[in-house]
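Reviewing the structure listed below.
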Amino acid sequence: MSAIADVLVLGGGPAGVVVARGLAAHGLDVLLLTRRRRPAAFEGLAGRALDGLRHAGCVHALAAVGVEIRRDAEWNGAAFGGNREWITDRPRFDAALERDAADAGVRVLGARAGHVEHRADGWHVGVAGAPQAAGWRARFLVEARGRAAPRQPLLQGPPTTALARRYRLPAGRPAASAIDTFDAGWAWFAGDGSEAVLQFFLDTAPALPGRSTLAAHHAALLGRVPALAARLAGATPLGEVHARQAQTLLSDDLVSPSHLRLGDAAFAIDPLSGHGVFEAVGAGLAAVAVINTLLRRPQQAAAAMAFHRERVAGDGLRKARIGRDFYALERRWPQAPFWAARSRWPDAEPAHAPAAAGAARIVRRPVSRDGFIVEDAVVVTAEQPRGVWQVAGVPLVPLWQAWRGAAGGPGFVAGYAERLGVAPAAVHAALAWLRAHAPVAAGD
Ligand SMILES: Cc1cc2nc3c(=O)[nH]c(=O)nc-3n(C[C@H](O)[C@H](O)[C@H](O)COP(=O)(O)OP(=O)(O)OC[C@H]3O[C@@H](n4cnc5c(N)ncnc54)[C@H](O)[C@@H]3O)c2cc1C
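Residue 55 in the UniProt record's numbering sits at position 55 of the sequence shown, with consecutive numbering throughout.
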């Protein structure tokens, strides 16, 4: 056995690195095991992903984020959206993430995890391809190997394959990104001015052609998206066409008192959302308190595990329904298998309960506070089924009770802000939210 740690994190993508940094900041000895294997690929990072990385202190990853552009999207034959995104070279970004982990005192090991086993003395992880004796042991295991993580899927979307090719662009092209659809899928072009990637998202079945004919298949698909193909005029292909699995997947076995799944290893969202990295960073940030609680306050393990399950599984289903509704907006090929399957999966339930489905309610739920998961009163609304605990740093339920008790008398906001040590504007913001939702407690 070559190394022992408090926590062993498998996978050094955004989810694994953010949680590893957070746990190290809590004084835990963290070992991060990762192998870099991603094909050369651009991804478009959402602004909220950058906010999350900032919050997590990932300065190297932020420095590796690429140019900001406005995405041109064609959906159902019309211009759509115009979201901003940051075109980012993923292998560069991943290498920067590893430096962020090391800077936080995480021991980073570039190796491939092999056999994983839970024994009486903790988790044992072997090095792939090495003798059995080599490996690592830890009290707690974080599974963050992304889509490569072994799993039992609880929910799986229509099988989807992404076929990507990288190109060198002629000089003088602006940075750009664009989406277009066709009867058998959709495609994303992203270029940083000197290089570009064109990626198709297709049904995995019927069987794709073999590796040797992928390039010809990719070239033929280009003819289906002429507006995107025009952006590649004069470009030179670089390297091979890569296929990546891109199906939506929700895993079983999300958490136990000694392990937790995170990021794509827990819930791999449809890349159409453009939010995979944002979700992974957010998951890493949220999991720090869950693991800290499981290791240091085991008497609160049930609340910590419920918090993680609700966050991943409850949200996962809602996001799958939001994706379904977006696919349904493309109405030109309702009978085509690609669109028919995705505009019906996972079910016919609404993504959000109608706002009139009931008043906002005050209930007790596990919340993340001061580095631990604790039970506290939150306000549950149709849009926020997991509940909102605070707005602008002001806990909502005590404020609501105090405001109603004082009948919102003169000087209430200034006095409350002073007692809480926050700016009056924060109390105003929290009160405005409460007035808009007017929550009722059980017994009101
Ligand atoms: C085709 C495609 C396009 C996408 N485009 C976008 C996009 O434009 N914008 C966006 O925000 N998201 C996009 N995503 C989603 C995004 O890539 C993921 O959601 C995000 O990277 C998840 O982060 P993670 O940390 O959970 O996993 P990952 O980033 O996948 O990290 C997992 C890490 O574990 C390592 N690993 C795997 N196996 C082992 C092993 N045995 N031992 C050790 N290490 C291992 C991997 O090499 C990797 O470094 C896309 C996904 C796909 C499939």
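We put the CB at the ideal spot given by N, CA and C, even for glycine.
The beta strand (DSSP E) that contains residue i, what's its start and end?
i    : result
A196 : 195 to 203
E74  : 68 to 75
H26  : Where H26 is concerned, there is no enclosing beta strand (DSSP E), given that its DSSP letter is neither H nor E.
L45  : 42 to 45
P424 : Premise fails: P424 lies in the alpha helix (DSSP H), 424 to 437, not in any beta strand (DSSP E).
V30  : 30 to 34
L163 : 160 to 168
E375 : 372 to 380
W188 : 185 to 191
Q245 : 236 to 245
R139 : 135 to 143
L250 : 249 to 251
G409 : It is not in any beta strand (DSSP E) - G409 carries neither H nor E in the DSSP assignment.
R151 : Where R151 is concerned, there is no enclosing beta strand (DSSP E), given that its DSSP letter is neither H nor E.
In three-state DSSP terms, what is residue i?
i    : result
P226 : helix
A120 : coil
P366 : strand
W339 : helix
L260 : strand
P14  : helix
D325 : helix
Q59  : The sequence shown places Val at residue 59, rather than the Gln named in the question. Helix at V59.
Q299 : helix
R318 : helix
P271 : helix
T213 : helix
L221 : helix
E349 : coil
L109 : strand
A304 : helix
L232 : coil
Using the beta-carbon count (16 or more within 10 Å), is residue i buried or exposed?
i           : result
residue 462 : For residue 462 there is no data in the structure shown, the boundaries of the chain being 1 and 444.
D121        : exposed
A436        : exposed
E330        : buried
T236        : exposed
Q335        : exposed
E98         : buried
S194        : exposed
T213        : exposed
G274        : buried
G405        : exposed
R419        : exposed
N292        : buried
V440        : exposed
G22         : buried
A280        : buried
residue 445 : Only positions 1 to 444 of the chain appear in the structure, and residue 445 is not among them; the question remains open.
E349        : exposed
A149        : buried
On a CA-only basis, which of the options is nearest residue i? Give me that one, please.
i           : options                : result
F201        : A184, D370, S212, V255 : A184
D100        : H115, G57, N83, H124   : G57
G239        : R35, R231, A230, H218  : H218
residue 445 : A283, A175, G27        : The structure shown does not extend to residue 445, since the chain is modelled only from 1 through 444, so no value can be given for it.
V422        : A441, L399, T204, L434 : L399
Q199        : D192, A175, R165       : R165
Y167        : G191, G114, L262       : G191
residue 445 : R112, A425, S212, G135 : The structure shown has nothing for residue 445, since the chain only spans 1 to 444.
R151        : V116, A438, R386       : V116
V7          : L232, L260, A95, A128  : L260
R211        : H242, A392, E279, P337 : H242
R364        : E85, V379, A417        : V379
A351        : V374, E383, R145, G52  : E383
E43         : A5, N76, W75, F189     : F189
D370        : G387, V391, E349, A289 : A289
D72         : P91, A162, T181, V19   : T181
A313        : V108, Q156, G66        : Q156
A430        : G409, V397, A79        : V397
T204        : G263, A246, L169       : A246
A96         : H60, W75, V125, W123   : H60
W75         : A328, V30, V277, A46   : A328
V18         : R321, V277, F307       : V277
T160        : A341, V413, L294, A426 : A341
Starting from residue i, follow the alpha helix (DSSP H) in both directions and report where the run begins and ends.
i    : result
G284 : 276 to 296
L396 : 396 to 405
L420 : 412 to 420
D100 : 90 to 103
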